[in-house]
Structures are given as C-alpha cells and as structure tokens.
Amino acid sequence: MRDIVQLVVQSVLLGGVYALLSLGLNLIFGVTRIVIFVYGELVMLFMYVGFLFWKHSGIDPYYALPLLLLVAVGSGALLYDLLFRRLVRAGHLAQILATLGLSYALQNLAQLAWTADVQSVRSAWNGYSIHLARGNISAPSLIACVVGLLAATGLLQYLRRSNGGLAMRAVAQDRTGAELVGIPLDRIYRLTLVLATMLVALSATFMLPLFSVYPTVGLDFVLIAFVVVVLGGMGSIAGGIAAAFIISLIQNFSGYFFGIEWQDVVYFAVFVLTLLFRPAGLAGVRGTEQLGE
Amino acid sequence: MSVPGFDWLPFAWKQDPGALAFATAVPVILLIAGLVAPDPQVVDLLFQVALWAGIATAWNIMGGFGGQLSLGHSAFYGLGGYAGALSLTGIGLSPILGIAIGVALAVMLALVVGLAGLRLRGPFFAMVTFVMGPAFQAIATNWTRLTGGSGGVSLPLRGDWTSLIFGNRRIYLFIALGLLAVALYLACRLRYGRTGIHLVAAGNDPEVASSLGIPVLRVRLIGIAASAGLTALAGGLAAFYVLFLDPENAFGAGISIKIVTIAVIGGTSSIVGPLLGAVVLIPIEQFLSNTFAGRIPGLSGIIFGLLLMFVVLAVPGGMVRIVRRVWSRLSGRSAVGTAARTGVETS
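Those protein sequences? They're chains W and S, same order as listed. Quick note on numbering: the first sequence equals residues 0 to 292 in numbering that gives the first Met the number 0. Quick note on numbering: the second sequence equals residues 0 to 346 in numbering that gives the first Met the number 0.
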C-alpha cells in the first residue's frame, strides 16, 4: 500500500514534467501541422547550454533560465527563418525527413563537441526534500512539476486571451481562412516557433537537475513527447496534459512490476494501442487523425 | 511476353527503359567486380554496397512508392539478425531456418504497425515506426537470458554452409547480390504490376484511390510486409557477415536513418533511386570512417544528416531526378514527363 501511494505521488510529479516537456511539440504541431523530429535535440541542446553555464560559472542551473530564454528567442526565430519557413509549405514527407536529418546531424555534432559522456549537474536544490505520504519528494521534481503545470496553464490562457494566441488558434483551425481575414501567417508561424523554443528552454532548465545530459538524450525525450502528444490528441494542449499524467502512471507502475528499463517497449505498446483504438487521442475530435496536410 | 511473374515487364520497359537497364547492369557489374577483385577490402566494399542497396530498395517499396515513411526499419533488420544468430548459438538450429523465423516475425510486426499506422493520413505511421526501433533495442538489451544483453552475440568463426559461416568472404558478396536481385525484382513487380500501381495511387491520394475501388489498406499492408521481410533477410545476412551483433548495431536508430538516407538521397520515385544512393553513399561513408574515424567521431553522421535535410528541401527527387534532367538535356528529349509519372515525390 505504501509503495502504491509512493508510485502515485511519483507519477503525479513526473506527469508534470512530461506535460512541460511536450508543450512545445504540441504547440508547433497544432499551429503549423509539422511534427518536428528534431524536438528532442532542441531539448538536448538547451540542456547542454544550461549544463555548461553551471559548469563554468558554478551558479545554480535554475539561475540560467533568463539566459536560456534569451537564447531561445534568438534561436527560435533563426530556426524559423532558416528552416521552417520552407517546411510549412512543403509536404509532410519532406517535413519529417528534413527534421529527421537535422536531428541526426545535431546528435553527432553534440558528440563531437561535448563527447558521448553522460554528465549531470549538482544543484544545491537536489539536497532538499519534502516528507510527504510516508516518502520523500525531492525538491527539484516538485519544482519541475509545479513549473510544468504553471506553464501549461499560462499557455492555455495565452491561447485563449491574447491577440497572438487567438491568431494562432485561427491559423490552426483554418490556414486559408486565417490568411483571408488578414492574419499575417509568416509572423504567426515565427511567433509560434519562438514561443515553442522558449517552452523547450523552460523544460530543459527544470529537467536539468533531474536527468543526465548526453548527445542522444533527445531521443528519450522525443519518444515521451510523441507518445504524450498522440495519446492526448495531436495539437490539443489540455489533452496532452492529461495524457502526460496517464503516461507517467503507466510508466511508473509498469516500471515497478517489470523494471524501468522496459519503458521504451511500454511507449511502443501504448502508441500502437492508441492508433488502433482511438487514433484521434483522448481529447481529439473524430477526424482529427485525418489532418495530414 | 507472358512469362509468369514477369507480366509487368512490357509496361516497365515502356515506362522507364533507363531504370530497368541500370537495375540490371549494377548487380552484374558488382558480380564481375567481385569475381576479379584481388583485394579483400574491395570485396568488403562491394558487399556493403550490395547489402545496403538491397535494404534501401526494400524500404523504398513503402517509403517511396507507398508514400508512407518507415523510420524504424532497424526493428526488421535486427529481428532477422537476432533470430538467425540466436537459433544457431542457442539451440544449434541452422540459421537458414532461424532467419526464416526472423522474416516471419518481421512480417507479423509489419502487419501490426501497418494496421495501427497505415489506416491514417498524416505523420502517424512515421511516428509509430520511429518508436518501434528503440522499443526493440530495449528488448534486445534487457531480455538478457535470451539475447545476452548489451554484450551482444558472437558467432563461431568456423562452420559449414548450413551454418552460413564461410571462410571465403566472396560467398557473402554473392548471397548479398542474390538478395539485391530479389529486392529489385520485387520492387519492380510491386512498382509496375497492378498492386504497385495501386500502392502509388494510394500514396498520392488515398481518398481518390479508395473511391476508385482500390483496397488502400490491403495494398499498403502487402507493401510494408514485403519491405519488412526483405529487410529481415538482409539483417540476417549482415549478422553472419560480421559474425557479431549487439542491440545498438542491430536495432539502433542509426540503422533506420542510414536506410532512409540512402533511399531518399538516391531518389524515392524510381526503382533505381536506392540503388544509386547506395552505390554513391556507401563508398563515401567507408572512406570517411576509414580516414577520420579516430579524430572526428560521427563525421559521416553529421554529413549524411545535413545532406538528407538539404536534398529533401533543395533537390526533391534526389539523384535520380538530377540524372534524368542531365540525360534529357543531353539527348534532347523531355524525360520530365516520365519522371512525373513514376511515383511519389518527397515534397
């Protein structure tokens, strides 16, 4: 019983982290209809930036957040101008292949630049923990979970209330219609990319004390983000948040019984079952799975 | 011209004589080169070209003609390798039977992911196959009692033909060429025959295709099953060529990406694109890893990743498209019409 309570608590914390992790992917897909296979490598690169900041300055990685957000604004805009401006008008095969090629190149570049060693930061916060439900909760995972929920709420509010968010939703619903009523597609797409890259920077900062960094770590993260986003219903932020908690529950409980090293098999099984029985995802409207081009 | 199994030939010859000639000439040239080559290193290079040309040709049946990208072909490749190797080391069964079991498993897996992903439009098939490779890598790593875990499986250095272990390395080249010939034959048959034309139509527009009475899901399942079976066969051969396999080099994402890169850079619209891709890229890859392996790790990964991105955006259609354009300029005829009719472009 005590184990079960612990597992549920851990799952809730991890679910918040997964929600945070998958926000950017979901936002980009929702607005531009592009599945970016390079998403995991973006997380990996921002984790390396945070790691190097900590290593050379000795300052706690949480304080690197402003720096990472600044880098995110620049690199998000650059990524749009150099790559995505072409991709949004290409077919979905080209979108997949181009982002896949870039992700493979970035993995190998990261290995060249920082070696294949597994590295991790030692944040002062790792020492703190909270006693709850007869178990210990480490401060960094609680912080990451809270930040994840705040970011998700903030994003939903932004999409609901601000002009930029409304324009994004209009583009997501009907690209041609949005263009006809005078929404500047180019600017909305760039705004989406910048916002999503900032969400990546945010998740990288708060995952840094929890996960090690190595050149192929992005693959682990992109698998999680894919499963979460597809189970939630592609492009649905609220569905993605619900799915993040379900995935972390499934992962923790299957890990408890079979061992955590089987998690990739669990993702694959969840993925196949979702596509077989509910391809539109939890929150998806019937027909969402048809949104190809 | 109604030889059983070759009824597609007149149509193919009318559509694309250049491609058929190239697809016949390359294996023959590789065979002759293998017979006369004095240097084992050259024989090794020829083997690699033949092997990866065969795998990329198999991938292209679904990825090119069918227009649905599999990003997890390493799962099929690794299943062939592990089934062959474990049947020999585990229970002393001939790997010929073992690889056959691997092929059967790969086909079943292909049907499952096909049923999950190929009914849907959009990126779902690419996403589910992308998750498939790491899943099988995790199984190979963690089911240690069966697979030996991350330490991998070593095969004995000596054996006879029933154990597929040959002292003469040339024999592997001949088997790989046989496999390439089978892959090219099936690709032609699935490209120019009725099923293939249905497959291309379903790739171009599934709604229109099914409104014309084409059984979209069925032809797609045939396509992915053929592609997976051939890839498992090649994976088995590769394991017995190297005499060693571990989870990373059997199921790793690098294998899947290598297959996709060869096919896409070569050109996915034609039966000869993957062949052309392997003939050009495999020697470059071998040269890079021989020259810079110690000093710049992952150099070929960086170059091929960026090249994949560049080709998809700047030269959709790949090398085949460039060759066709040059050819039509030289001969003064327009080959663009043919190129446009022969399949799905990547953009």
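The C-beta atom is built at its ideal place from N, Cα and C for all residues, glycine as well.
Legend entry - Cβ distance (whole Å) where Phe75/S is taken to contact Ala238/S below 8 Å: Actually they are not in contact, since the Cβ atoms of Phe75/S and Ala238/S sit about 13 Å apart, beyond 8 Å.
Inset, instruction - Could you list the residues in the region 103 to 134 of chain S with a C-beta less than 8 Å from some C-beta on chain W, going in chain order? - result: Val111, Val112, Leu114, Ala115, Gly116, Arg118, Leu119, Arg120, Gly121, Pro122, Phe123, Ala125, Met126, Val127, Phe129, Val130, Met131, Pro133 and Ala134
Inset, instruction - Report yes if the CB atom of Phe28/W is closer than 8 Å to the CB atom of Leu192/W, and no otherwise. - result: no
Inset, instruction - Give the DSSP-derived three-state secondary structure of Tyr243/S in the structure shown. - result: Residue identity differs from the one stated: residue 243/S is Phe in this sequence, not Tyr. Correct three-state label for Phe243/S: strand.
Inset, instruction - Could you tell me which chain S residues have their CB closer than 7 Å to the CB of Asn107/W, listed as they occur along the chain? - result: Gly297, Gly300, Ile301 and Gly304
Legend entry - Cβ distance (whole Å) where Val396/S is taken to contact Val271/S below 8 Å: Outside the shown range of chain S (0 to 346) lies residue 396/S, about which nothing can therefore be said.
Legend entry - Burial state of Gly166/S (16 or more Cβ within 10 Å): exposed
Inset, instruction - Assign Tyr266/W to buried or exposed, taking buried as 16 or more other Cβ atoms, counted over all protein chains shown, within 10 Å of its Cβ. - result: buried
Inset, instruction - Could you tell me which chain W residues have their CB closer than 9 Å to the CB of Val27/S, listed as they occur along the chain? - result: The premise fails here: Val27/S is roughly 31 Å from chain W at the closest Cβ pair, so nothing lies under 9 Å.
Inset, instruction - Pair every Cβ in the region 59 to 77 of chain W with every Cβ in the region 223 to 233 of chain W, then say whether three or more of these pairs are closer than 8 Å. - result: no
Legend entry - Any chain W beta carbon closer than 8 Å to Ala292/S: no
Inset, instruction - Hey, could you find the ends of the alpha helix (DSSP H) Phe285/S is sitting in? - result: Checking the sequence shown, residue 285/S turns out to be Gln, not Phe. Segment Gly272 to Phe291, the alpha helix (DSSP H) holding Gln285/S.
Legend entry - Ordered list of alpha helix (DSSP H) runs contained in the region 94 to 118 of chain S, each at least 4 residues: 94 to 116
Inset, instruction - Return no unless some Cβ of chain S is closer than 8 Å to the Cβ of Leu194/W. - result: no
Inset, instruction - Compare the C-beta of Leu68/S with all C-beta atoms of chain W and state if any pair is closer than 8 Å. - result: yes
Inset, instruction - Would you identify the three-state DSSP class for Asn135/W, choosing helix, strand or coil? - result: strand
Legend entry - Contacts that Val264/W makes with chain S (C-beta to C-beta distance below 7 Å): Ala134, Ala137 and Ile138
Legend entry - Interface partners of Arg311/W on chain S, CB under 8 Å: Examination of residue 311/W is not possible in this model, given that chain W is present from 0 through 292 alone.
Legend entry - Where His72/S falls: helix, strand or coil (DSSP): coil
Legend entry - Extent of the continuous alpha helix (DSSP H) run through Met46/W: Tyr38 to Ser56
Legend entry - Same chain, Cβ closer than 6 Å to Gly192/S, five either side skipped, listed in chain order: Trp7
Inset, instruction - Please determine, among Gly235/S, Ala182/S and Pro282/S, the residue with the shortest C-alpha to C-alpha distance to Ile95/S. - result: Gly235/S
Inset, instruction - For Pro16/S, count neighbouring C-beta atoms within 10 Å of its own C-beta (all shown protein chains included) and say buried if the count is 16 or more, exposed if not. - result: exposed
Legend entry - Within chain S, partners of Glu260/W - CB distance below 9 Å: Ala137, Thr140 and Asn141
Inset, instruction - Give a yes or no on contact between the region 193 to 201 of chain S and the region 63 to 83 of chain S, applying the rule of three or more CB pairs nearer than 8 Å. - result: yes
Legend entry - Val106/S classed as buried or exposed, judged by whether at least 16 other C-beta atoms fall within 10 angstroms: buried
Legend entry - Nearest-angstrom Cα separation, counted from Ser102/W out to Gly39/W: 8 Å
Legend entry - Three-state secondary structure assigned by DSSP to Ser211/W: coil
Inset, instruction - To the nearest angstrom, report how far apart Arg85/W and Ala313/S are at their CA atoms. - result: 10 Å
Inset, instruction - Please say whether Ser10/W and Ala243/W have beta carbons closer to each other than 8 Å? - result: no
Legend entry - When Ala225/S, Thr146/S and Leu154/S are compared against Ala182/S, the one with the closest alpha-carbon: Ala225/S
Legend entry - Same chain, Cβ closer than 6 Å to Ala63/W, five either side skipped, listed in chain order: Gly49 and Phe52
Inset, instruction - Taking Val16/W and Ala151/W to be in contact with their CB atoms under 8 Å, please state how far apart those CB atoms are, rounded to whole angstroms. - result: So it is not a contact: roughly 11 Å between Cβ atoms.
Legend entry - Test: Gln5/W CB closer than 8 Å to a CB of chain C: The chain inventory of the structure shown lacks chain C, comprising the protein chains W and S.
Inset, instruction - In angstroms with no decimal places, state the Cα-to-Cα distance between Val30/W and Arg160/W. - result: 16 Å
Legend entry - Ala137/S to Phe10/S span [Cα, whole Å]: 45 Å
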